[in-house]
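Down below is the structure, laid out as C-alpha cells.
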Amino acid sequence: MVSGTVGTGTALGAVLLSLLAAPAQAATTAATGGADRVTTAAAAKLAAPDDAGLREVLRSAMAQGAPGAMARIDDNGTVHRLAEGVADRATGRALSNSDRFRVGSVSKSFSAVVLLQLVDEGKLNLDTSVNTYLPGLLPDDRITVRHVMSHRSGLYDYTDEMFAKTVPGFESVRNKVFTYQELVNLSLKKPLNNAPGAAYSYSNTNFVVAGMLIEKLTGHSVRTEYQNRIFKPLNLTDTFYVHPKTAIPGRHAGGYLTPDEAGAPLVDSTEQTVSWAQSAGAIISTTHDLDTFFSSLMRGKLMSAAQLTQMQQWVTVNSTQGYGLGLRRRDLSCGVSVYGHTGTVQGFYTYSFTSKDGKRSITALANTSNNGNVLTTMARTLDSAFCGKPTKAAARVAAPVERHEDIAPDIALN
C-alpha cells in the first residue's frame with residue numbers, strides 16, 4: 001500500500017472573483033508574531049522537495065498509529081504525490097491523493113476569506129464590534145471582528161468541555177445538529193479567558209461567530225458563500241460543505257479516532273455531522289484542492305492586496321508560529337516561513353501550507369487524531385516540502401512537539 005508519483009501539473013485556469021479594493025484597516029496593536037523569514041524573491045530559491053524524507057515521515061506516522069498518511073506537493077507546475085497505508089481498515093483499500101477527507105480547522109481560512117471579501121465590498125469593518133452586526137450576541141461590546149478572526153476575543157472554546165473525554169464526547173455529538181446560537185451559548189456558560197484584544201487564545205467559538213457574520217451580512221448560508229466565492233471560482237470540484245449530512249461524498253479516506261485509553265482500538269469516526277464545528281471546521285476537500293486554495297490565496301487571487309495584508313498581521317502563538325486572520329504562519333527549521341492552516345477533526349490530521357509567493361504548496365493528511373506523536377510527526381512534512389534534504393553542515397533544528405489540537409485546544413495530548 002505504497003504509492004508515489006511525480007509529474008507535471010496543469011496551471012490554474014479560471015476567471016476569479018473581481019473584488020473591490022478597500023483601504024487597509026488599522027493594523028493590530030497586539031504582538032506582531034514575528035516577521036516572515038524569507039521574501040518572495042528568496043522563496044523562488046527553495047531547495048527541491050525531499051521526497052524520500054517525506055515518505056519517511058508518512059511511514060513514521062503509520063508506525064505511531066495512523067492507518068494511512070499521504071501528501072501532495074504542487075511546485076510551480078510539478079506535482080509530487082506520496083501515499084502510505086490504507087484509506088479503509090475494513091477493506092484494506094490503499095490511501096490515495098484522490099481521496100476526499102475532512103479538513104477540520106483548515107475551514108477557518110475559507111471562512112476568513114469570505115469575511116475579508118465582505119470587507120472589500122464595504123459590508124464589514126474589521127475594527128467594528130461584532131455586536132454592531134449581531135446585536136446582543138457577545139457579552140462585551142469591545143470584541144471586534146478582528147479579535148474574533150485572530151483568536152483574541154477571549155471567548156471560551158466550548159470544545160474543551162465537549163471533548164474532554166475524546167470518544168464519549170465524539171459519540172455524544174456524532175449525529176447531533178446544532179444551531180450557531182447553541183454553540184455560542186455553550187461558550188458563554190464560561191467567562192471570557194481574557195479581555196478582548198489582550199492575548200491570543202485559540203477558540204473554535206470565534207469561527208462559529210464568523211459563520212454567523214457571513215450569514216447575517218450576505219443573507220445566504222455559509223455553504224452558498226463558500227461555493228459562490230471560493231469553490232466555483234477556483235474550480236475546487238472535490239471540495240464540499242455538506243453539513244448537516246454525515247457522509248463524505250464519493251471516494252474518500254476513512255477517519256479513525258484514537259481513544260484516550262492506551263491500547264484501545266481505533267474508532268471509525270468517518271461519518272458525522274461535524275455540526276459541533278460548522279464554519280470552524282466542517283469542509284471536505286482533497287490535497288489537490290487545498291494546495292490550489294492556499295496557492296491562490298497567497299498569489300492575491302481571492303481578495304484585494306489590502307485585505308491580504310490584513311490577513312498577515314501576525315500575533316504570537318509561540319517561538320515558531322504566528323496567527324493572522326484565519327491564517328497560520330509557521331517558521332521552519334531552514335529559516336523559511338510558510339502560510340496556511342492546520343486541521344483536526346475526529347479521525348483526520350491535516351497540514352496545508354504554501355510559500356510566500358504561492359508557488360510551492362503541500363497538503364498532508366494522516367487519517368487519525370488524538371495522537372500527539374502523529375500530530376508532531378506530520379508537522380515534519382513541511383520541512384521535507386520546503387527545506388529539501390537535510391545536510392550534515394546545516395543540521396535542522398528539531399521541530400517543537402505538538403501537544404495541542406485545533407479541537408479542545410487547551411487539553412494537552414499524551
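Residue numbering for the sequence shown follows the UniProt record's numbering, starting at 1 and increasing by one per position. The beta carbon of each residue, even a glycine, is placed where N, CA and C say it ideally should be. These numbers were taken from a predicted model, which means no experiment stands behind them.
Here Gly154 is buried. Its C-beta has 16 or more other C-beta atoms within 10 Å. One thing to note: Met298 has its Cβ no nearer than 7 Å to the Cβ of Leu116. Per DSSP, Tyr180 is one residue of the alpha helix (DSSP H) stretching across 180 to 188. By alpha-carbon distance to Ala262, the top candidate from Asn371, Ala83, Ala94 is Asn371.
Short of 6 Å from the beta carbon of Val106, and not among the five residues preceding or following it, lie these beta carbons of its own chain, in chain order: His341, Gly343, Thr350, Ser352. Thr246 is a Cβ neighbour of Thr273, given a cutoff of 7 Å.
Put simply, the backbone Cα of Gly300 is about 7 Å away from that of Leu308. Under the three-state reduction of DSSP output, Asn414 falls in the coil class, being neither helix nor strand. Using a C-beta cut-off of 8 Å, the segment 226 to 245 makes no contact with the segment 144 to 154, since fewer than three inter-stretch Cβ pairs fall below that distance. Asp383 and Ser333 have their alpha carbons spaced roughly 7 Å apart. When DSSP states are grouped into helix, strand and coil, Met149 belongs to the helix group. Checking the DSSP bridge columns, you'll see Ala69 partnered with Glu84, Ala366. The segment 111 to 127 makes no contact with the segment 158 to 170; the number of CB pairs closer than 8 Å stays below 3.
Taking the Cα positions, Asn194 is about 17 Å away from Tyr323. Looking only at Gly92, Pro67, Arg100, the smallest Cα-Cα distance to Ile283 is reached by Arg100. Going by beta carbons, Thr363 and Tyr339 fall outside the 7 Å limit. DSSP places Gly250 outside any alpha helix (DSSP H), giving it a letter other than H or E. Membership of Ser60 in the alpha helix (DSSP H) is indicated by the continuous run 51 to 63.
By the neighbour-count definition (other C-beta atoms within 10 Å, threshold 16), Arg328 is a buried residue. The criterion of a C-beta distance shorter than 7 Å is not satisfied by Met149 and Leu290.
Shortest Cα-Cα distance from Asp88 to any of Leu82, Ser96, Ala408 involves Ser96.
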